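Structure first, commentary second.
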Amino acid sequence: RSCCTWLHLSSSFPSQVKELVLDNCRSNEGKIEGLTDEFEELEFLSTINVGLTSVANLPKLNKLKKLELSDNRISGGLEVLAEKCPNLTHLNLSGNKIKDLSTIEPLKKLENLKSLDLFNCEVTNLNDYRENVFKLLPQLTYLDGYDRDDKEAPDSDAEGYVEGLDDDDEDEDGGWRQGEARPGFTAGRWAAAGP
């Protein structure tokens, strides 16, 4: 099934989806069709290698905490993240076309941002890269998986899933529990494989 099919299927209950993986799906003119602000409970979104050149068309996702954008072609425009995803704690921009510190400066407005990954971006080749990023973004705890003292992040912070998700909550009308099997849907998570 295509990514659009998965998003169409999940659109019958988007407010119940907490994790959405759309890796290797193709974006259309910088937009992932079907990804809307109706996914209001979304806490984790992965759009690795989908051909994004910008995050401008990302919907407003107030509860989003972890955003995976690696292996795209993003080169700027990160200021919209503070408006559209104000509660981000983890952001992975590895493998994008980020060349200088001014490109990531807008991330200062993401007050809760604790972990930023920029592996395989040109910006990592700058002199004193780590020191300058930590200066520019004082809210960061981890950059590329390490803290200011070059101590590796524990898996739960750097790569782990978003804290605080309950696997056994009922929905508001007392219906199915997240742990129950549903076609294409498992414990609040939708995954779509690319072509």
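Quick note on the working numbering: the sequence shown kicks off at 6 and runs consecutively. Just so it is clear, CB atoms sit at the ideal spot from N, CA and C, and this is done for glycine as well. Fair warning: this is a prediction, and the values are worked out from it, not measured in the lab.
What would DSSP say about residue i, mapped onto helix, strand or coil?
i, result
"Asp42", "coil"
"Lys113", "helix"
"Asp28", "coil"
"Glu48", "coil"
"Asp160", "helix"
"Lys36", "strand"
"Leu145", "coil"
"Leu170", "Confidence at Leu170 is low in this model, with a pLDDT of 43, below 50, so its placement is unreliable and the value that follows should be read with caution. Leu170: coil per DSSP, three-state reduction."
"Gly165", "The pLDDT assigned to Gly165 is 44, lower than 50, so where the model puts this residue is not dependable; a value taken from the coordinates is nonetheless given after this. In the structure shown, Gly165 sits in coil (DSSP, three-state: anything other than H, G, I, E or B)."
Compare the beta carbon distance of residue i and residue j with 8 Å and say whether it is the shorter of the two.
i, j, result
"Arg78", "Asn62", "no"
"Ser20", "Glu45", "yes"
"Lys65", "Glu48", "no"
"Ile53", "Glu73", "yes"
"Leu118", "Ser99", "no"
"Leu115", "Ala87", "yes"
"Arg26", "Ser51", "Inspection of the sequence shows that residue 26 is occupied by Val rather than by Arg. Contact flag set, yes."
"Thr58", "Gly39", "no"
Which two residues bound the contiguous alpha helix (DSSP H) that contains residue i?
i, result
"Leu86", "Val85 to Lys89"
"Leu121", "From DSSP, Leu121 is part of no alpha helix (DSSP H) but of the beta strand (DSSP E) over Ser120 to Asp122."
"Val60", "That residue, Val60, is in no alpha helix (DSSP H); it is neither H nor E in DSSP."
"Arg135", "Tyr134 to Leu141"
Determine the extent of the beta strand (DSSP E) in which residue i is found, giving its start and end residues.
i, result
"Lys71", "Lys71 to Glu73"
"Asn97", "His95 to Asn97"
For residue i, decide whether its Cβ has a neighbour in chain C, counting only Cβ atoms nearer than 8 Å.
i, result
"Arg31", "Going by chain labels, chain C is absent from the structure shown, which holds only one protein chain."
I believe residue i touches residue j by the beta-carbon criterion, under 8 Å. Please report the beta-carbon distance rounded to the nearest angstrom.
i, j, result
"Arg31", "Val60", "Contact flag wrong, Cβ pair sits at about 16 Å."
"Val128", "Thr108", "7 Å"
"Leu131", "Pro111", "Rounded, the Cβ-Cβ distance is 17 Å, inconsistent with contact."
Self-check item: Given 8 Å, three or more beta-carbon pairs between the segment 137-147 and the segment 80-92
Solution: Remark: fewer than three beta-carbon pairs, one from each stretch, lie closer than 8 Å, so the segment 137-147 and the segment 80-92 are not flagged as touching.
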